[in-house]
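Residue numbers (the working numbering), protein chains in the order written: chain A, 14 to 341; chain B, 14 to 341.
There are 2 protein chains.
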Amino acid sequence: MAIKIGIFGYGNLGKGVECAIQQNQDLELTAVFTRRDPQSLSLLTTGIKAYPAVDAPSMKDEIDVMILCGGSATDLPQQTPELAQYFNVVDSFDTHAKIPQHFDAVDKSARQNHHIGIISVGWDPGMFSLNRLYASAILPCGKDYTFWGKGVSQGHSDAIRRIEGVKDARQYTIPVEHALEAVRSGSNPELTTRQKHTRECFVVTMPGADQQKIKEAIIHMPNYFADYDTTVHFITEEELHRDHAGIPHGGFVIRSGKTGSSNEHNHIIEYSLKLDSNPEFTASVLTAYARAAYRLNQEGQIGCRSVFDIAPSFLSPLSAAELRRQML
Amino acid sequence: MAIKIGIFGYGNLGKGVECAIQQNQDLELTAVFTRRDPQSLSLLTTGIKAYPAVDAPSMKDEIDVMILCGGSATDLPQQTPELAQYFNVVDSFDTHAKIPQHFDAVDKSARQNHHIGIISVGWDPGMFSLNRLYASAILPCGKDYTFWGKGVSQGHSDAIRRIEGVKDARQYTIPVEHALEAVRSGSNPELTTRQKHTRECFVVTMPGADQQKIKEAIIHMPNYFADYDTTVHFITEEELHRDHAGIPHGGFVIRSGKTGSSNEHNHIIEYSLKLDSNPEFTASVLTAYARAAYRLNQEGQIGCRSVFDIAPSFLSPLSAAELRRQML
């Protein structure tokens with residue numbers, strides 16, 4: 014009997030979850046929920062229907078785990094606690110500063126209704142967080158570094174699009190190679206934000222727009238660009254669609270630490286991701302944790318969890334004995 | 014109150030555990046046990062004594078977790094189940110083919126005596142295993158690659174030392190750079206053992222030994238070298254001590270996988286270690302899992318576990334709320 018999954022929200026992330034479910038034989042898609050007109054969606058999975066978001070609670074007995082695919086700014090803070098009343102839930106909430114309060118809200122709702130909620134699942138927060146935890150527990154005398162990229166930052170691309178005269182834009186966050194090398198050397202450098210990443214922008218302007226003025230507006234934009242070395246390229250709309258249509262991302266978590274009676278030995282633990290599709294990879298992580306949510310709840314566990322609280326074996330379709338034989 | 018740790022076996026690994034305990038404020042060393050004359054050991058930790066191995070059971074009420082630092086060939090298969098009668102235990106059993114039977118033996122003993130046993134802790138098996146599991150659960154349509162090195166293989170060095178006319182030797186396992194690059198490219202190559210690693214040997218010979226004959230004996234040695242491209246360098250004893258005294262190791266676990274409605278997107282997950290001291294790093298992993306063993310047992314859990322069965326949060330001295338705030 015496959016684990017029955019619902020998808021709540023059908024943007025890039027929701028579509029990615031649909032694809033990921035198709036790769037896992039022990040999971041099956043039951044329904045997609047949307048705030049748009051359900052008729053307007055064309056699902057990939059034959060025989061599966063889209064329903065209005067408001068209908069979700071009525072399907073609580075038909076779905077084992079609901080995967081929430083909305084945004085962290087306004088959707089998830091409201092949706093995850095609400096849906097945890099009816100379902101085991103998994104989300105990718107990624108506003109780091111608000112994780113504690115989101116955790117508490119989901120925990121309360123999930124406990125009251127005997128469900129499991131797993132929040133902040135993806136790669137950062139998610140797999141990168143796990144690697145920070147494992148590496149710091151193993152090498153307590155050390156230092157963590159997280160680098161992001163090369164990849165598209167949706168937030169920064171949006172910020173450029175809001176500038177007058179800009180028609181479209183794509184922003185890449187790029188780790189600085191010599192900063193990466195310094196970290197890998199074990200020298201434990203102190204690195205400012207500017208020293209770790211550069212930002213590269215590809216911008217399509219409206220006819221007659223003042224490109225010099227737009228460039229100045231970008232590179233001096235507070236919070237987004239002012240603290241970075243930023244490069245701006247003006248390109249045509251055709252070039253943007255041809256060369257920058259993908260949503261790649263990735264990055265590096267590196268811990269450099271010392272061991273020995275006088276800290277004489279150095280060790281480097283490095284975890285890196287190189288992703289052709291940021292939303293599809295995040296969706297794949299969400300889908301593996303949906304399996305974990307179901308199993309934890311089957312064991313009688315309730316309440317909110319993060320990736321830190323879940324034994325790795327819960328993520329795999331293999332049994333514990335198979336895992337020991339094949340992967341240990 | 015610190016968690017009280019015993020070390021059973023005081024070679025390179027046991028000394029590494031002693032160093033690791035000093036880096037963790039919530040852990041303290043209680044005693045070291047040895048099959049050698051305890052008087053012959055000089056411990057690093059002031060005020061701590063070495064005892065004969067046979068005295069361990071008598072200290073069962075003074076130690077929370079015993080970390081076993083013996084070898085996998087003959088020590089651990091006997092010692093871990095035996096000591097699990099008296100203590101929570103952690104070992105680094107690394108004979109992959111015999112893990113299932115070792116697990117069962119430790120599980121039986123630990124359950125009967127209400128202890129936790131964690132086996133096969135280190136980096137492979139251990140952190141590399143974890144990364145194989147996480148990556149394969151996230152990207153089910155993909156392929157795993159494990160590369161070892163550059164590092165010293167103790168077993169292969171010993172095999173060379175057994176050849177007549179050899180005084181001392183050091184063998185390095187080296188990953189083949191273009192095989193690594195092929196894997197990172199996402200092309201999912203089929204790679205034979207020979208294509209993934211080369212072996213480099215530094216050999217000190219007895220006066221008058223036939224170096225050509227020794228070289229032939231090495232490169233044609235079945236199981237150890239015959240399946241690899243092997244390079245042999247003859248050096249002086251001084252050069253061996255000067256240039257090859259360390260025990261570095263490391264390696265790479267790479268998963269290359271596809272997502273998307275028609276598997277059109279490629280993803281690379283890479284975990285790598287670069288270790289100045291193989292035994293001290295393994296010891297640091299053992300020490301973090303000793304913390305987990307204690308906590309699991311405090312929760313009332315009993316029986317055998319592998320790294321797959323343990324939620325990451327158990328490894329860290331930080332509380333769940335601190336971890337969410339600082340690392341998620």
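Don't be surprised by glycine CBs; every beta carbon is placed ideally from N, CA and C.
Does residue i get closer than 7 Å to chain B when you measure Cβ to Cβ?
| i | result |
| --- | --- |
| K287 of chain A | yes |
| M219 of chain A | no |
| Y185 of chain A | no |
| Y284 of chain A | yes |
| V298 of chain A | yes |
| S133 of chain A | yes |
Is the beta carbon of residue i sitting closer than 7 Å to the one on residue j?
| i | j | result |
| --- | --- | --- |
| A69 of chain A | I323 of chain B | no |
| I34 of chain B | L26 of chain B | no |
| G19 of chain A | T58 of chain A | no |
| A230 of chain A | I176 of chain A | yes |
| N279 of chain A | D120 of chain B | no |
| P153 of chain B | Q36 of chain A | yes |
| I131 of chain B | F106 of chain B | no |
| V134 of chain A | Y302 of chain A | yes |
| I227 of chain B | G178 of chain B | yes |
| D181 of chain B | V217 of chain B | yes |
| I151 of chain A | L299 of chain A | no |
| D104 of chain A | L89 of chain A | yes |
| G263 of chain A | L286 of chain A | yes |
| K209 of chain A | F160 of chain A | yes |
Using a beta-carbon distance below 7 Å, is residue i in contact with chain A?
| i | result |
| --- | --- |
| L309 of chain B | no |
| L328 of chain B | yes |
| P325 of chain B | yes |
| A301 of chain B | yes |
| S198 of chain B | no |
| S290 of chain B | yes |
When you compare each of the options to residue i by their alpha carbons, which one comes out closest?
| i | options | result |
| --- | --- | --- |
| F247 of chain A | A:P220, A:A86 and A:E95 | A:P220 |
| T211 of chain B | B:V179, B:K180 and B:H169 | B:H169 |
| N236 of chain A | A:G263, A:R207 and A:Q225 | A:R207 |
| K17 of chain A | A:E213, A:G29, A:M72 and A:L54 | A:M72 |
| T295 of chain A | A:P261, A:C317 and A:Q224 | A:P261 |
| N276 of chain A | B:E31, B:G24 and B:A15 | B:E31 |
| D240 of chain B | B:G264, B:G263 and B:L204 | B:L204 |
| I232 of chain B | B:Q38, B:G139 and B:I173 | B:I173 |
| E251 of chain B | B:F265, B:P94 and B:F215 | B:F215 |
| I267 of chain B | B:N201, B:Y307 and B:T249 | B:N201 |
| C317 of chain B | B:D50, B:A118, B:K62 and B:S55 | B:A118 |
| L193 of chain B | B:E213, B:D157, B:Q225 and B:Q224 | B:D157 |
| I129 of chain B | B:Q114, B:T108 and B:V102 | B:V102 |
| A334 of chain A | B:G83, B:H115 and B:L253 | B:H115 |
| T108 of chain A | A:T87, A:S122 and A:E75 | A:T87 |
Report the neighbours of residue i on chain B: residues whose CB is nearer than 7 Å to its CB, in chain order.
| i | result |
| --- | --- |
| F294 of chain A | T272 and H280 |
| Q36 of chain A | P153 and C154 |
| C32 of chain A | T272, G273 and S274 |
| G24 of chain A | In chain order: nothing, as chain B lies at least about 15 Å away. |
Interface residues of chain A around residue i at Cβ under 7 Å?
| i | result |
| --- | --- |
| L336 of chain B | L146 and F321 |
| L143 of chain B | P325 |
Can you name the residues of chain A whose CB is closer than 8 Å to the CB of residue i?
| i | result |
| --- | --- |
| L42 of chain B | Those within 8 Å of L42 of chain B in chain A number zero; the least Cβ separation is about 13 Å. |
| S149 of chain B | S329 and M340 |
| L89 of chain B | Going along chain A, no residue has its Cβ under 8 Å from L89 of chain B, so there is no contact; the nearest lies around 15 Å. |
| A15 of chain B | Chain A residues near A15 of chain B: none, gap ~14 Å exceeds 8 Å. |
Quick one: which chain B residues come within Cβ less than 8 Å of residue i?
| i | result |
| --- | --- |
| P138 of chain A | L341 |
| L57 of chain A | S274 |
| F116 of chain A | R337 |
| A172 of chain A | In chain order: nothing, as chain B lies at least about 25 Å away. |
Along chain A, which residues have their Cβ under 9 Å away from the Cβ of residue i?
| i | result |
| --- | --- |
| I112 of chain B | R337, R338 and L341 |
| A368 of chain B | Outside the displayed range of chain B (14 to 341) lies residue 368 of chain B, so it cannot be described from this structure. |
On the three-pair Cβ rule with 8 Å, is the stretch 309 to 329 of chain A touching the stretch 131 to 151 of chain A?
Verdict: yes, contact present.
Within the chosen definition, does the stretch 156 to 169 of chain A reach the stretch 184 to 204 of chain A through at least 3 CB pairs nearer than 8 Å?
The stretch 156 to 169 of chain A vs the stretch 184 to 204 of chain A: in contact.
What residues from the stretch 98 to 109 of chain B come within 8 Å of chain E, judged by C-beta to C-beta, listed N to C?
Given the protein chain composition of this structure (A and B), no chain E is represented.
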